[in-house]
Amino acid sequence: MEGALCGSVVFWAVLAVISAQNIFFNTGSSSKISSCDLHGRSGTCKQVFECPEHIPHVRARNLTALKAAVSNCGKKLVPGNARPVPLLCCPDSDGPATAAPPIAQFRNHPLCGDSEFAPGRVVGGEPVRQLKDFPWMAILKWAPDGAKPLYRCGGAVLNERWVLTAAHCITDNGP
């Protein structure tokens, strides 16, 4: 019983010290913790919502960029959160833009979607479906490490730059 009581007292004492550090030693933003370096640029460790530069990486799930930013800062207990919050290295000055260039206006192709792929083929008495029968569809191909290509997911062509597909098609494990 005494061991449990002693452990409980130590736990609460450590928690009080951590809370006091958060209250008395933090200035400015509640999540600002220390300086950091991200690819040669000086920065400050902040929560993701305080760093607009990393929001596109979060939305795109760019794990490589996020891991580099988090590895410089670690995690911190933030008042109101039960768990430590990961902090990102947010550059202090404006650097190169990380957003994709704007999409040009949609083009008005007079024959958009038409194709002369395999014209006039017949199999089993039925005309073969042609690419122009599904002009806004795409098939996604994976070729992991030079292996035989896999065709497992499709998508809808939004424009010459974007294809909309299901979320499971773009996970780290593939389709």
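Going by mature numbering (1 follows the signal peptide of the UniProt record, and there is no 0), the letters in the sequence shown line up with residues -20 to -1, 1 to 155, in that order.
Here a beta-carbon is modelled for each residue, glycine too, at the ideal position from N, C-alpha and C.
Note that the structure is predicted; figures quoted are calculated from it, not measured.
In this structure, C69 places its C-beta atom within 8 Å of the C-beta atom of L18.
Following the DSSP letters along the chain, one finds I119 inside the beta strand (DSSP E) bounded by residues M117 to W122. Boundaries around L46 are those of the alpha helix (DSSP H), L43 to S51, since no beta strand (DSSP E) includes it. Scanning K26, L120 and R132 for the CA closest to the CA of W142 turns up L120. For R39, the enclosing alpha helix (DSSP H) has its first and last residue at I35 to R39. DSSP places A147 in the helix class (H, G or I) of the three-state scheme.
CA-to-CA, the gap between R63 and C53 works out to about 16 Å. As DSSP reads the structure, S22 sits in a beta bridge with D17. S14 places its beta carbon 8 Å or farther from that of D72. If you check the CB distance, K56 and V50 do not come in under 8 Å. Of the residues assessed, K26 falls on the buried side of the cut-off, its CB having 16 or more other CB atoms within 10 angstroms. Per the coordinates, the alpha-carbon of V38 lies some 7 Å from the alpha-carbon of L46. T24 has its alpha-carbon roughly 43 Å from the corresponding atom of A127.
As the crow flies, the alpha-carbon of A136 is around 36 Å from that of L67. The bridge partners DSSP lists for A136 are M117 and L144.
In the three-state reduction of the DSSP assignment, P71 falls in the strand class, which pools E and B.
E140 counts as exposed, since fewer than 16 other beta carbons sit within 10 angstroms of its beta carbon.
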